[in-house]
Amino acid sequence: MPTDLRRVSALLSASLHDSASLMASALPVPLAAGAAATWLRLLPGLLGLQGRLRVFIEDYRGQLRSTALVYDGHRPEWVVLTLAALSEPGGADSAFRLLSGVSAAAARAGIHRLFAAVPDEARARETFFQAGFYSYTRETWYVAALSALPAPSRALTARRATGRDAHDLFRFYVMTTPHAVQRAEQLTVTDFDVSRRGGAYDPPHLIGGNPLAMRRTVALIDGDELRPRAFALGFAGLERHAHVCKVRTADGDVDLARDLLRETTRGLRPGRPLASPVRSYEEHVGRALLAEGFEEAATAMLFTKELALRVEERAFAPAVVR
37 MPTDLRRVSA LLSASLHDSA SLMASALPVP LAAGAAATWL RLLPGLLGLQ
87 GRLRVFIEDY RGQLRSTALV YDGHRPEWVV LTLAALSEPG GADSAFRLLS
137 GVSAAAARAG IHRLFAAVPD EARARETFFQ AGFYSYTRET WYVAALSALP
187 APSRALTARR ATGRDAHDLF RFYVMTTPHA VQRAEQLTVT DFDVSRRGGA
237 YDPPHLIGGN PLAMRRTVAL IDGDELRPRA FALGFAGLER HAHVCKVRTA
287 DGDVDLARDL LRETTRGLRP GRPLASPVRS YEEHVGRALL AEGFEEAATA
337 MLFTKELALR VEERAFAPAV VR
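If you read the sequence shown in the working numbering, its first letter stands for residue 37, the second for the next number, and so on.
Next up, the structure:
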């Protein structure tokens with residue numbers, strides 16, 4: 037209800053200063069304010085309007101004990117942008133009940149999957165495990181103050197991606213992504229069409245953060261007709277959100293990652309932090325970020341919960357036709 041606005045805002049504000057209260061966040065704890073929506077964005081969700089942001093609360097005898105901000109994107113999935121609970125005893129139990137309620141609401145809405153980025157701490161991890169989620173990878177955030185990075189050290193062959201590059205981007209994703217992650221994310225070729233909204237470019241897939249407070253500024257692809265070599269994404273932060281960039285290269289090419297990072301950040305305005313998420317299978321990108329002056333900020337576990345039963349495709353055996 038709109039009357040819950042003050043209570044929800046107060047709990048979210050308190051969680052930003054108490055890491056024990058923050059059970060899930062689309063941004064690392066030092067930047068979590070960018071994942072917690074402002075009251076102007078909270079109000080439509082509290083009014084029950086069918087926007088992209090949904091607000092859930094769990095209270096006991098009039099005391100608000102936990103709240104969740106959930107993003108309803110363009111695919112059959114919801115993303116828990118923020119889950120905050122009281123740090124006192126009972127807060128974790130409240131968060132568990134709230135996650136169960138979110139799961140039930142998502143299932144009724146025909147949603148197939150829930151996602152969340154969870155701080156790598158026992159209290160938060162156990163709450164999500166108990167609620168039926170499982171972790172499919174780890175993600176470390178690197179952060180730097182955005183200043184003018186040097187120009188790329190060599191002439192880049194990368195170009196701006198278009199909708200026609202969807203198949204090549206999908207091939208590169210399949211080449212460089214572990215099967216367990218692909219199975220959790222369930223991305224298809226159409227999700228890589230940069231001319232469409234959402235898809236692979238919505239968190240938590242290729243990029244992390246709050247999609248309601250980010251605007252994509254650039255999408256680059258490098259490679260030839262035979263084999264894609266790299267992609268890079270740049271997002272400008274809005275409101276309290278940091279700028280976000282994402283680079284991935286094939287064959288652990290650190291030098292190419294550094295040059296793409298420099299190229300991607302050229303159009304981002306200074307004045308706010310620049311963050312980049314690196315997954316456990318992208319260690320070479322972490323080395324490139326460290327070489328460019330980034331520092332490790334926090335590590336999260338990416339969780340998902342499947343709400344729909346997956347039906348495997350039929351397998352056909354070769355048959356001799358007579």
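Using N, Cα and C, we set each Cβ at its ideal position, and we do this for glycine too.
>> So, with DSSP's three-state summary, where would you put P264?
In response: Residue mapping note: residue 264 aligns to position 228 of the sequence shown, counting from 1. In this structure, P264 counts as strand in the three-state DSSP scheme.
>> Measuring alpha carbon to alpha carbon, tell me which residue in P112, A60 and S139 is nearest T224.
In response: Counting from 1 along the sequence shown, the entry for residue 224 is found at position 188. Nearest of P112, A60 and S139 to T224, Cα basis: P112.
> Skipping 5 residues on each side, what residues in its chain have a beta carbon closer than 7 Å to that of S136?
Replying inline: In the sequence shown, counting from the first residue as 1, residue 136 sits at position 100. Once the five neighbours on either side are set aside, the close Cβ partners of S136 are A167.
> Short check: CB of A216 to CB of S123, under 9 Å?
Replying inline: Counted from its first residue, the sequence shown places residue 216 at position 180. Counted from its first residue, the sequence shown places residue 123 at position 87. No, the pair does not count as a contact, with Cβ atoms beyond the cut-off.
> By DSSP, does T163 sit in helix, in strand, or in coil?
Replying inline: Locating residue 163 in the sequence shown gives position 127, counting from the first residue. Helix, per DSSP.
> Is it right to say H53 is buried, meaning 16 or more other beta carbons lie within 10 angstroms of its own, or is it exposed?
Replying inline: In the sequence shown, residue 53 corresponds to position 17, counting from 1. Exposed.
>> Is it buried or exposed, V254, if we count other Cβ atoms within 10 angstroms and call 16 or more buried?
In response: Your numbering for residue 254 matches position 218 in the sequence shown. Counting Cβ neighbours within 10 Å, V254 comes out buried, since at least 16 surround it.
>> Just list the residues that DSSP pairs T335 with in beta bridges.
In response: On the sequence shown, residue 335 is found 299 positions in, with the first residue counted as 1. Bridge partners of T335: T176.
>> Can you tell me which residues form a DSSP beta bridge with H61?
In response: Here residue 61 corresponds to residue number 25 of the sequence shown, with the count starting at 1. According to the sequence as given, residue 61 is Ser; it is not His. Answer by DSSP bridge pairing, in chain order: T118.
> Closest to D108 by CA distance: which of G234, E275 and G127 is it?
Replying inline: Locating residue 108 in the sequence shown gives position 72, counting from the first residue. The option with the nearest alpha carbon to D108 is G234.
> So, using beta-carbon positions, are V116 and A128 closer together than 9 Å?
Replying inline: Within the sequence shown, the letter at position 80 stands for residue 116. Within the sequence shown, the letter at position 92 stands for residue 128. Contact flag unset, no.
> Can you give the beta carbon distance from C281 to G288, rounded, assuming they're within the 8 Å contact cut?
Replying inline: Reading the sequence shown from its first residue, position 245 is the one you call residue 281. Reading the sequence shown from its first residue, position 252 is the one you call residue 288. The pair is not a contact, with the Cβ atoms about 19 Å apart (cut-off 8 Å).
> Which residue comes first and which comes last in the beta strand (DSSP E) that contains T285?
Replying inline: Mapped onto the sequence shown, residue 285 falls at position 249. That run of the beta strand (DSSP E) goes H279 to T285.
> How big is the Cα-Cα spacing for Y178 and F164?
Replying inline: Indexing the sequence shown from 1 puts residue 178 at position 142. Indexing the sequence shown from 1 puts residue 164 at position 128. In a straight line, the C-alpha of Y178 is about 24 Å away from that of F164.
> Could you give the residue range of the beta strand (DSSP E) that holds T99?
Replying inline: For this step, residue 99 is matched to residue 63 along the sequence shown. Reading off the sequence, residue 99 comes out as Gln, not Thr. Run containing Q99: Q99 to D108, per the beta strand (DSSP E) assignment.
>> The alpha helix (DSSP H) that contains A220, what's its start and end?
In response: Here residue 220 refers to the residue found at position 184 of the sequence shown. A220 -> alpha helix (DSSP H) spans H215 to E221.
> A334 and P64 look like a contact to me (Cβ under 8 Å); what is the Cβ gap, rounded to whole Å?
Replying inline: Sequence index remark: in the sequence shown, residue 334 carries index 298 (1-based). Sequence index remark: in the sequence shown, residue 64 carries index 28 (1-based). Between P64 and A334 the Cβ distance is about 3 Å, and since that is below 8 Å, they are a contact.
>> Please list the terminal residues of the continuous beta strand (DSSP E) segment that includes A152.
In response: The residue labelled residue 152 in the question sits at position 116 within the sequence shown. A152 -> beta strand (DSSP E) spans R149 to P155.
> How many angstroms separate the CA atom of A143 from the CA atom of L310?
Replying inline: Locating residue 143 in the sequence shown gives position 107, where the first residue counts as 1. Locating residue 310 in the sequence shown gives position 274, where the first residue counts as 1. Roughly 36 Å separates the two Cα atoms.
> What residues are listed by DSSP as bridge partners for Y209?
Replying inline: Locating residue 209 in the sequence shown gives position 173, counting from the first residue. Per DSSP, none; premise fails for Y209.
>> So, for S316: in the same chain, excluding its five sequence neighbours on each side, which residues have a beta-carbon less than 6 Å away from its beta-carbon?
In response: Along the sequence shown, one-based indexing puts residue 316 at 280. Closer than 6 Å at Cβ, skipping near neighbours: T173 and R174.
> So is R358 buried or exposed if we call it buried at 16+ other beta carbons inside 10 Å?
Replying inline: Reading the sequence shown from its first residue, position 322 is the one you call residue 358. Bear in mind that the predicted position of R358 carries a pLDDT of just 44, short of 50, making it unreliable; the figure below should be weighed with that in mind. Burial call: exposed.
> Using the beta-carbon count (16 or more within 10 Å), is A194 buried or exposed?
Replying inline: What you label residue 194 is simply residue 158 of the sequence shown in a count that begins at 1. It is buried - the Cβ of A194 has at least 16 other Cβ atoms within 10 Å.
> So G329 is in the alpha helix (DSSP H); what residue range does that whole segment cover?
Replying inline: Walking along the sequence shown from the start, residue 329 turns up at place 293. Taken as a continuous stretch (DSSP letters only), G329 belongs to no alpha helix (DSSP H), as it is neither H nor E.
> Would DSSP call H311 helix, strand or coil?
Replying inline: Taking the first residue of the sequence shown as 1, we reach residue 311 at position 275. Per the sequence presented here, residue 311 reads as Ala, with His not at that position. Three-state DSSP puts A311 in a strand.
>> For P214, which residues in the same chain have their Cβ closer than 7 Å to its Cβ, ignoring the five residues on either side in sequence?
In response: Against the sequence shown, residue 214 aligns to sequence position 178. Only Y317 meet the Cβ criterion.
>> Using only the alpha-carbon positions, how far apart do K341 and A197 sit?
In response: What you label residue 341 is simply residue 305 of the sequence shown in a count that begins at 1. What you label residue 197 is simply residue 161 of the sequence shown in a count that begins at 1. Taking the straight line from one Cα to the other gives about 31 Å.
> Distance, Cα to Cα, E157 vs D260?
Replying inline: On the sequence shown, position 121 is the one that residue 157 refers to. On the sequence shown, position 224 is the one that residue 260 refers to. Cα to Cα, the separation comes out at about 43 Å.
> How should Y237 be labelled, buried or exposed, when 16 other C-beta atoms within 10 angstroms of its C-beta is the threshold for buried?
Replying inline: Looking up residue 237 in the sequence shown gives position 201. Y237 comes out buried.
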